[in-house]
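Engineer: Residue numbers (UniProt numbering): 1 to 442.
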């Protein structure tokens with residue numbers, strides 16, 4: 001047994017039997033048996049545990065069940081958990097605490113659709129428990145979380161797909177491939193247009209609903225009185241839990257910008273953000289109006305606006321391409337009729353499954369995004385939205401928010417992943433975490 005690598009199923013059975021390679025303590029996992037170099041059979045029906053089952057969590061679980069069975073569900077809201085169990089056949093075992101699910105449930109794969117401030121810890125715990133993981137975006141709450149997460153994924157050799165599904169949308173992929181193929185000449189500038197952040201308040205504290213574990217929902221964030229607008233979808237408009245549109249739509253569009261600029265494994269060298277902020281007690285605290293400008297070592301300029309047509313504009317010295325969730329446009333796109341760029345000629349990702357038809361739009365693109373994840377579970381290749389490239393993309397979102405909140409231009413070292421000559425700014429690369437929910441460096 002010690003001379004051969006164990007299968008994932010054998011690992012789970014070994015953990016269940018209580019042998020030493022099981023959990024060291026509740027919520028702490030070690031992975032000593034991942035069969036990282038052994039492809040899985042495409043006919044093997046996997047067992048899936050799904051965490052966080054409000055809208056997006058149920059969407060990704062639905063797409064995952066083509067490849068496996070939802071046998072366990074974890075959600076801190078009992079009402080949402082019970083609704084999800086009914087949606088997925090009524091047989092899944094329910095858990096309030098996902099850590100108990102990782103310890104007790106016989107699962108191979110985890111999907112994570114929880115709020116942003118939970119993504120990194122849940123993903124680390126799942127990887128260390130020997131699972132492959134599909135995790136929603138944005139990948140992290142801070143830059144330092146991403147650095148820790150990168151190390152864990154490399155150590156455990158988990159297959160992790162991040163839910164930036166625009167990489168699997170044919171329009172966005174085609175736009176990026178065309179930029180890399182020189183269809184607009186030398187890339188000079190990328191303009192990303194996002195939506196406005198929500199503004200509202202003052203909200204009144206209320207009794208915690210009986211179906212909700214509010215303490216567990218808060219996780220690493222400060223313990224505060226329950227306000228319903230802090231919870232579920234509207235958590236996005238509080239810096240405690242997210243980063244507003246900069247880390248919501250920005251995690252998608254800025255990722256496409258970096259991919260097109262050939263900077264998905266790096267980052268800008270300086271960044272300047274401006275913003276105005278609300279001053280409302282117990283109200284949303286993300287920026288009211290915001291703008292961002294970043295410069296890369298290759299000379300490309302990234303500009304982020306909150307007004308205009310939402311999408312990504314690539315501008316080169318011989319043309320430009322605009323792409324969003326409904327359109328891909330520009331003279332180079334029109335020229336495809338005379339000079340095609342077929343999928344077979346795509347070069348920027350090496351593990352495409354061309355048997356899957358090209359798809360566009362959120363729900364259809366997630367079909368292919370999830371398919372790529374399960375293809376990679378079988379082959380042990382790196383998915384199209386890897387932890388490494390998504391850490392780099394959301395880092396731009398994070399340092400952009402930091403520049404806006406500090407109100408000054410910042411110099412960034414993408415190799416060291418820290419600000420240059422600005423000790424105060426570097427303190428913003430991590431946050432204090434509540435006891436019991438810390439994300440610890442390995």
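From the three backbone atoms N, C-alpha and C, an ideal C-beta is built for every residue, glycine too.
This structure is a prediction, so every number in the text was calculated from the model and none was measured.
Could you tell me which whole alpha helix (DSSP H) segments of length 4 or greater appear in the stretch 286-345?
Structural biologist: Correct list: 331-334.
Engineer: Which residues in the same chain have their Cβ closer than 8 angstroms to the Cβ of residue 299, if we skip the five residues on either side of it in sequence?
Structural biologist: 188
Engineer: Could you compute how far the alpha carbon of residue 212 sits from the alpha carbon of residue 393?
Structural biologist: 33 angstroms
Engineer: Are residue 270 and residue 295 touching if we call contact CB-CB under 7 angstroms?
Structural biologist: yes
Engineer: Beta-carbon of residue 307 versus every beta-carbon of chain C: anything under 7 angstroms?
Structural biologist: Chain labels in this structure do not include chain C; a single protein chain is all it has.
Engineer: Can you name the start and end residues of the alpha helix (DSSP H) that residue 50 belongs to?
Structural biologist: Not the alpha helix (DSSP H): residue 50 falls in the beta strand (DSSP E), residues 46-51.
Engineer: Whole angstroms is fine: what's the gap from residue 338's alpha carbon to residue 325's?
Structural biologist: 24 angstroms
Engineer: Got a sec, what are the start and stop residues for the alpha helix (DSSP H) residue 61 sits in?
Structural biologist: 55-64
Engineer: On the premise that residue 158 lies in contact with residue 132, defined as a C-beta separation below 8 angstroms, what is that separation, rounded to the nearest angstrom?
Structural biologist: With 8 angstroms as the limit, residue 132 and residue 158 qualify as a contact, their Cβ atoms being about 6 angstroms apart.
Engineer: Using the C-alpha atoms, what's the distance from residue 176 back to residue 320?
Structural biologist: 12 angstroms
Engineer: Would you check if the distance between the CB atom of residue 70 and the CB atom of residue 50 is smaller than 7 angstroms?
Structural biologist: yes
Engineer: Between which two residues does the beta strand (DSSP E) harbouring residue 412 extend?
Structural biologist: Note, residue 412: beta strand (DSSP E), 410-413.
Engineer: Looking only at DSSP bridge pairs, what is residue 264 linked to?
Structural biologist: None, per the DSSP bridge assignment.
Engineer: Considering only the alpha carbon of each residue, which of 92, 191, 313 lies closest to residue 323?
Structural biologist: 313
Engineer: Less than 7 angstroms between C-beta atoms, sequence neighbours within five positions excluded: which residues of the same chain meet that for residue 237?
Structural biologist: 197, 198, 244, 284, 286
Engineer: Is it right to say residue 154 is buried, meaning 16 or more other beta carbons lie within 10 angstroms of its own, or is it exposed?
Structural biologist: Residue 154 is classed as exposed because its beta carbon has fewer than 16 other beta carbons within 10 Å across all chains shown.
Engineer: DSSP puts residue 109 in a beta bridge; with which residues?
Structural biologist: 48, 132
Engineer: Could you check how far apart the C-beta atoms of residue 221 and residue 117 are, in whole angstroms? I think they sit under 8 angstroms.
Structural biologist: 6 angstroms
Engineer: Among all the DSSP beta bridges, which residues are the ones paired with residue 416?
Structural biologist: Bridge partners of residue 416: none, in fact.
Engineer: Report all residues from its chain with a CB closer than 7 angstroms to the CB of residue 45; omit the five preceding and five following residues, and keep chain order.
Structural biologist: These residues qualify, in order along the chain: 68, 69.
Engineer: Short check: CB of residue 202 to CB of residue 281, under 7 angstroms?
Structural biologist: yes
Engineer: With H, G and I counted as helix, E and B as strand and the rest as coil, what does DSSP make of residue 114?
Structural biologist: For residue 114, the secondary structure class from DSSP, reduced to helix, strand or coil, is coil.
Engineer: Per DSSP, what kind of secondary structure is residue 436 in: helix, strand or coil?
Structural biologist: coil
Engineer: When you compare the stretch 164-179 with the stretch 416-424, are there three or more beta-carbon pairs, one atom per stretch, that lie closer than 8 angstroms?
Structural biologist: The stretch 164-179 vs the stretch 416-424: no contact.
Engineer: Can residue 113 and residue 182 be called in contact, C-beta distance under 7 angstroms?
Structural biologist: No. Outside cutoff.
Engineer: Answer yes if the stretch 263-279 comes into contact with the stretch 394-401, meaning at least three C-beta pairs across the two stretches below 8 angstroms, and no otherwise.
Structural biologist: yes
Engineer: Is it true that the CB of residue 72 sits closer than 7 angstroms to the CB of residue 105?
Structural biologist: Yes, the Cβ-Cβ distance between residue 105 and residue 72 is below 7 angstroms.
Engineer: Which one of 186, 223, 360 has the shortest CA to CA distance from residue 167?
Structural biologist: Comparing Cα-Cα distances from residue 167 to each of 186, 223, 360, the minimum goes to 360.
Engineer: Going by other Cβ atoms of all chains shown within 10 Å of its Cβ, with 16 needed for buried, is residue 13 buried or exposed?
Structural biologist: Interpretation of residue 13 is limited by its pLDDT of 36, a score under 50 that renders its predicted location unreliable; the figure taken from the coordinates is listed afterwards. By the neighbour-count criterion, in which a residue is buried when 16 or more other Cβ atoms sit within 10 angstroms of its Cβ, residue 13 is exposed.
Engineer: Alpha carbons only, please: which of 192, 86, 311 is nearest the one belonging to residue 327?
Structural biologist: In this structure, 311 is the residue among 192, 86, 311 with its C-alpha nearest to the C-alpha of residue 327.
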